[in-house]
Each structure stands twice: as C-alpha cells, then as structure tokens.
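A.B. asks: I am attaching a structure below and will ask some questions about it afterwards.
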Amino acid sequence: MTLIDENIIPGNHGRVFGTNATKEEDLNKIARAIRALAGIKDVIIDASTFPEEFTIHTSAFVRIDDIQQVVKALGFHAIPKGLFKLF
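Using the working numbering, the first residue of the sequence shown is number 1, and each one after it goes up by one.
What follows is the structure, encoded as structure tokens:
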C-alpha cells in the first residue's frame, strides 16, 4: 500500500466511495458522521448511481480506514473506488 492508497489527499479530486446505504436518511447520517472527522472539507452524496456513492474532499490527509470505521459504526460499508477517472 502507498500513501495515496491509504489516505485521502487534500485537493480538488477527493475520493469516491460506494456504500450499501440506500435511504436518503441513512446517506445523510453517513455524511454527518464523516464531516465530524478532523480534516474533512465536504461530503457530496450521489444517490443517482447504483450503488450509491459519496465523494469526500479534505483539507488534510485523512486515513481511509478512519472513514470506513465511522461508516461501519452506523451499520453500512464504505468501499473506496478508483483514484482518478480515465478520459
């Protein structure tokens, strides 16, 4: 594993996660819990995809494991997707 694989790096790219949460209420709970972590700038939920996804932007390095533990405590999963989109 590398620094980029284990962390969300600050910047405009952010990191996309897939989740098994489907209800808007649950997605909002996940977003609130993630926003409470240090270094989180914003969480953008994309419920138009299946499975649902959310993108996290940070102002500091945030460990992916920390994100997954917070979401797991709510009873859901957060699976990181690929790093960058290919055009």
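Even glycine gets a Cβ: it sits at the ideal position worked out from N, Cα and C.
My parser needs the alpha helix (DSSP H) runs of 4 or more residues fully inside the region 11-52; what are they?
C.D. replies: For the region 11-52, whole alpha helix (DSSP H) runs of length 4 or above, ordered along the chain, are 24-35.
A.B. asks: Taking the Cβ atom as the reference point for each residue, do residue 6 and residue 67 lie within a distance shorter than 8 Å?
C.D. replies: Translated into the one-based positions of the sequence shown, residue 6 becomes position 6. Translated into the one-based positions of the sequence shown, residue 67 becomes position 67. No, they are not a contact pair.
A.B. asks: What residues in its chain sit with their C-beta under 8 Å from that of residue 19, if we drop five residues either side in the sequence?
C.D. replies: Position 19 of the sequence shown holds residue 19. The answer, listed in chain order, is 27, 30, 51, 52, 53, 54, 71, 76, 77, 78 and 79.
A.B. asks: Quick check on DSSP: helix, strand or coil for residue 78?
C.D. replies: By 1-based counting over the sequence shown, the position of residue 78 is 78. Residue 78 falls in the strand class under three-state DSSP.
A.B. asks: Identify the continuous alpha helix (DSSP H) that holds residue 60 and give its terminal residues.
C.D. replies: As a first step, residue 60 is located in the sequence shown; it is residue number 60 there, counting from the start. Per DSSP, residue 60 belongs to no alpha helix (DSSP H) and is neither H nor E.
A.B. asks: Look at the alpha carbon of residue 24 and the alpha carbon of residue 10, and state the distance between them as a whole number of angstroms.
C.D. replies: The residue labelled residue 24 in the question sits at position 24 within the sequence shown. The residue labelled residue 10 in the question sits at position 10 within the sequence shown. So the two alpha carbons sit approximately 27 Å from each other.
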